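Reading through the structure tokens given below for one structure.
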Amino acid sequence: MYSLTVRDHIMIAHSFRGEIFGPAQRVHGATYLIDATFQRTELDADGLVVDIGLASDTLRAVLAEFNFRNLDDEPAFAGRNTTTEFMARVVFDRLAAAIRDGRLGEGGRGLERLKVTLHESHIAWASYEGAL
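In terms of my numbering, the sequence shown has 109 at position 112, counting the first letter as 1, and numbering is strictly consecutive.
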């Protein structure tokens, strides 16, 4: 399986509900480093997994929806704890939709899998991976 990974980051604010979260129940900030890994069994006719520029631009556009926002104020997340794991799935779903919509060009049509990893810190991260 071939893979290509692009990286970007976002800065958000949020809070969590539930005693398990301790002081993170209060509003706090987070800077996530996000890796999106695109995978396919065979390279395309140009020898690529996917166009790296389109992949970077698409990831940046998806992340722009969250950057410098308080996720507690986003209607789509009402009643949800926007944990690192949860947000990995959200970014995955939105990137997968962009791929289906053709935003990664013709080369994006041959992608088979996607993995999104949100790095919460240099020692902790969460991922969501699935077939496209």
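Don't be surprised by glycine CBs; every beta carbon is placed ideally from N, CA and C.
Being a predicted model, the structure only gives us computed values, none of them experimental.
Take the alpha-carbon of Ala73 and the one of Ala85: they are about 15 Å apart.
Rounded to the nearest whole angstrom, the CA to CA distance from Ile17 to Ala27 is 18 Å. Look at Glu82 here: in three-state DSSP terms it is helix.
In this structure the stretch 90 to 106 lies against the stretch 42 to 58, because at least three pairs of beta carbons, one per stretch, are closer than 8 Å. When DSSP assignments are scanned along the stretch 3 to 85, the uninterrupted stretches of alpha helix (DSSP H) that are 4 or more residues long and fall wholly within it turn out to be 49 to 61.
Contact annotation: Phe83 and Leu111 have beta-carbon atoms that are not nearer than 8 Å.
Distances from the CA of Thr34 to each of Asp70, Ala21, Asp5 and Ala75 were compared; the closest alpha carbon is that of Asp5. Pairing Ala42 with Val24 gives a Cβ-Cβ distance that is not under 8 Å.
Considering only Ser12, Ala21, Glu62 and Tyr29, the residue with the shortest C-alpha distance to Ile120 is Tyr29.
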